[in-house]
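Student: One structure, as structure tokens, below. Some questions next.
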Amino acid sequence: MTMTNRLPASCRSFIRFHRLLAPALLSALLVTPVYAATFTVPATAAGIDAVDSNPGDGVCLSAGNICTLRAAVQESNALAGADTINIETGVYPLTLTGGGESAAATGDLDISDDVTIKGAGQSATVIDAQNAGDRVMQIFSGTVILQDLTLRNGAVDGEGGGLYIASGATVTINSCTIENNAATSGGAGNGGGIYNAGDLTLNKATVQNNTSVLGVNGLGGGGIFSRGQLMVLASTVHANSTTNTPGASGGGIRLLGATGAGANLSSAIVRNSTVSNNSAELGGGIYNDFARLGIELSVIENNTAVSAGGGLGNFGRTTVSRSVVRNNTSRNANATATQGLGGGVFNAASLDITSTTVHNNTGNLGAGIYNDSQGTLALKNSTVSANAATVASTSEGGGVYNSREIAVFNSTIFDNQASSGGTEFIACGSKDASLGLGCDNAADDVVTVVVNTIVGNSTSTNICGGEFTLVTSNGHNLITADTCQSGGKGLGAAATDIVADPLFATGLQFNDGAKDFLLTFALGDASPAVNAGDNGVCPLNDQRGHSRNDNACDIGAYEISDTVSNEAVADLLVMDPVEVRTPAGACTEVTDNDSFVQNGTRAYQCQIGNNNDQIRFDINLANNGPDDVPQATLRLKLSPGLVVLNPGAVGSGCAATGTGLECAIQNFAAQSILSFPLSVIPDATGTYIVEADISSDNNQPAESFRVDNIRAVEVRVIDNRSATGNGNSGTNVLNFSGSGGGGALDAAAIAVLLAGAAGRRRMRR
């Protein structure tokens, strides 16, 4: 008899169900779980550096049965998800020598995944690389937060002595110290403390006593070298240095961007921070090269440069607002004509200084501010005082030295010193002549326009120097001595200019304002500057933020007013110059036109190779703040005969008008600079005009400066164009998608997506 084992029907159904389910369960079990792990590195692990026994098993444990810092980092890298590593009080040395690997097995701590690393306090938890031949930490990717700890004693023959941040990584450093690190010459040596190619935010952090020793291809950045996005908030960058080459730049912070199509949109904001006691050949405190930089409510002090820019050296697009530049030095023992320029500020590109005090700086030429032969500078609502161009017997321009283009509005330039010419102001002085850039052969390039400004000295009549004929008074200026004009040109030449003692009620001191470092000269009630300004030019508020008189404003940076303005205001502008280029390269600026002096129109000559060659305009827009602008409009007026191609690279934000385009820009943050590219194809040879203007919608917030900010560019197209052109003569031809204006350009999106960044011209040496 054959026996058959049969199960009840209910059991057979159960087995069939689980046979069907088994593959799905197996597949699920093989999927790596994504979860956030938390590892605690105990104080007993301080002094121990050992790898994890089995990275990826979710257990932080070294061979010594303890969770070391290195083991925790290795586990975090191996596990998916945003992990947390808590480090208790202690000093954690990195003793496993050997660089060049990326698994955190030896040398520095390599990070490749999202993680938050938290110490017990900024000075309580210390990660110490012991100068053993590698940096402290390298972040390859991910979103990383470092909090309440110190990174110190990294030493790398390369870049980023303390911390290296790769492109694509997003890093936030809260309440940390980066100190005593060094990047040395064999591998460029950029970024003694931090090298950043990603997106870095420093908040309540300190970067101090770091060194960048440059190699042949090195650039600088003793404290921070950034070619990505950088935010420095409520932080201190102190006592860093960069050395070893004549071009060593950015003792505290060194920025690097690019220009032209496809450029790197490197940018930085320094807010509520201090940059102090740093040193370099160029830009002792901060050096901006091609990037876009906004400085607000910050202190730049006690920095030193040998050649130029003791506090700030600018070769990019920079705005400075409600800040102080003080006690900086640019000098050399030999004090040659090309050294010691700009004790406080050196500018060789585009710079806007608003509601700022520049005082007690020392230099050879332009102790307060030096504007180079390639620079355009706007000085608004600001005070320049107690600066000393006394390095040599030939030193000139205690307050401001201009070799190119400066516009000065409602400022006070008073009681500076100079060994030779011009305690307050120099327009094209002896340095320019010695380099072949003198006033006789470069007159069309040197433009100085002054309005509503006090210029003077309480002890000297030698207040101006250089060529007075290159200074245009737009009226309503007060000068203390009639020694600044010649042949009907210069300060004092306008009918509304006043030669008198300003009768200040105070010396240079804090007279209220956003920060106690914003020093001003208060006007006395009997001052001839009271109610003597051109109200059509005056800003809404004075340097302190006090409301100006709507009917008759005061001359200078200070307004007699007890009313602190609570109105939201913003200073929107199209930065000068607009960059113009063709596929063959940058167009050549024409220096034989006087239109810039009269109405601010620059002229460029562009050579076109064929009928489809484009002319590209990189229009840089700035919001000097102090408030954000929710909605703004960029208006572009174009000459007939231009075919417009994808303005701003996002056609949906722009709408065609009868004369050009209107482009909506949303969420324009204070102290930010946006680059807006516009490409056109001209119909034929000839002259074309492009005008750009930006304003807040519905005057919300109100614009602080009442002068209409229209930036005009004249383009002269020459060579190799067909006789018939493109058939567009006499009309504006708009050729881009979304021209109906459906949508707006978000400021953050522009900053990330648009090609074209601030241009820089090299300082002549």
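Quick note, this note's numbering runs 2 ahead of the 1-based positions in the sequence shown.
Beta carbons: idealized from backbone N, C-alpha and C, even for Gly.
What residues match up with Met139 in a beta bridge as DSSP calls it?
Tutor: Leu111 and Leu165
Student: With which residues is His361 paired in a DSSP beta bridge?
Tutor: Arg328 and Ser387
Student: What separation, rounded to the nearest whole angstrom, lies between the Cα atoms of Gly162 and Ile129?
Tutor: 15 Å
Student: Just mark Pro541 as buried or exposed, buried being the case when its beta carbon has 16 or more other beta carbons within 10 Å.
Tutor: buried
Student: Checking 7 Å against the spacing of the C-beta atoms, do Val215 and Gly225 come in under that value?
Tutor: no
Student: List the residues that DSSP assigns as beta-bridge partners of Ala80.
Tutor: Paired residues: none, contrary to the question.
Student: For Ala516, which of helix, strand or coil comes out of DSSP?
Tutor: coil
Student: What residues in its chain sit with their C-beta under 6 Å from that of Thr508, if we drop five residues either side in the sequence?
Tutor: Ala524
Student: Can you tell me whether DSSP reads Arg273 as helix, strand or coil?
Tutor: strand
Student: Which value, in whole angstroms, describes the spacing of the CA atoms of Gly217 and Gly144?
Tutor: 30 Å
Student: Answer with buried or exposed for Ala390, where buried requires no fewer than 16 other C-beta atoms within 10 angstroms of its C-beta.
Tutor: buried
Student: For Thr306 and Asp159, what's the separation of their Cα atoms in angstroms?
Tutor: Whole-angstrom Cα-Cα distance: 25 Å.
Student: Give the straight-line distance between the Cα atoms of Asn722 and Tyr690, rounded to the nearest whole angstrom.
Tutor: With a pLDDT of 48 at Asn722, under the threshold of 50, the modelled position of this residue cannot be trusted, and the question is left open.
Student: To the nearest angstrom, how far is it from the Cα of Ile288 to the Cα of Gln231?
Tutor: Taking the straight line from one Cα to the other gives about 15 Å.
Student: Indicate whether Ser309 and Ser325 have their beta-carbon atoms separated by less than 7 Å.
Tutor: no
Student: Determine contact between the region 491–503 and the region 397–410, defined as no fewer than three beta-carbon pairs at a distance below 8 Å.
Tutor: In short, these stretches do not touch, since the Cβ pair count stays below three.
Student: I believe Leu510 touches Leu521 by the beta-carbon criterion, under 8 Å. Please report the beta-carbon distance rounded to the nearest angstrom.
Tutor: Yes, Leu510 and Leu521 are in contact; Cβ-Cβ is about 5 Å, under 8 Å.
Student: Does the region 370–390 come close enough to the region 414–423 that 3 or more CB-CB pairs lie under 8 Å?
Tutor: yes
Student: Whole angstroms is fine: what's the gap from Thr174's alpha carbon to Cys430's?
Tutor: 45 Å
Student: Quick one: using the 10 Å Cβ neighbour count with 16 as the cut-off for buried, is Val566 buried or exposed?
Tutor: exposed
Student: In or out: Glu303 buried (at least 16 other Cβ within 10 Å) or exposed?
Tutor: buried
Student: Please return the same chain residues whose Cβ sits closer than 7 Å to the Cβ of Gly170, not counting the five positions on each side in sequence.
Tutor: Ser143 and Gly200
Student: Taking a contact to mean a Cβ-Cβ separation below 7 Å, would you say Ser677 touches Asp620 in this structure?
Tutor: yes
Student: Have a look at the DSSP bridge pairing and note the partners of Cys656.
Tutor: Cys665
Student: Within 10 angstroms of the Cβ of Thr244, are there 16 or more other Cβ atoms? Answer buried if so, exposed if not.
Tutor: buried
Student: What's the call for Glu103, buried or exposed, on a 16-neighbour Cβ count within 10 Å?
Tutor: exposed
Student: If distances are taken between C-alpha atoms only, which option among Asn198, Gly164, Thr172 and Ala190 comes closest to Asn182?
Tutor: Checking every option, the nearest Cα to that of Asn182 belongs to Gly164.
Student: Residues in the same chain with beta-carbon distance under 6 Å from Leu111, minus the five sequence neighbours each way, listed in chain order, please.
Tutor: Val75 and Met139
Student: Please classify Ile562 as buried or exposed, where buried requires at least 16 other C-beta atoms within 10 Å of its C-beta.
Tutor: Looking at its Cβ environment, which holds 16 or more other Cβ atoms inside 10 Å, Ile562 is buried.
Student: To the nearest angstrom, how far is it from the Cα of Gly490 to the Cα of Ala483?
Tutor: Cα to Cα, the separation comes out at about 16 Å.
Student: Which residues in the same chain have their Cβ closer than 6 Å to the Cβ of Asn614, if we skip the five residues on either side of it in sequence?
Tutor: none
Student: Measuring only the C-alpha atoms, how far is Gly194 from Gly252?
Tutor: Going by the C-alpha atoms only, they are around 11 Å apart.
Student: May I ask you to report which of helix, strand or coil DSSP gives Ala605?
Tutor: strand
Student: From the DSSP output, in three-state form, read off Asp699 for me.
Tutor: The answer is helix: DSSP assigns Asp699 an H, G or I state.
Student: Would you check if the distance between the CB atom of Thr40 and the CB atom of Thr86 is smaller than 7 Å?
Tutor: yes
Student: Given that a residue counts as buried once 16 or more other Cβ atoms are within 10 Å of its Cβ, and exposed if not, what is Ile557?
Tutor: buried
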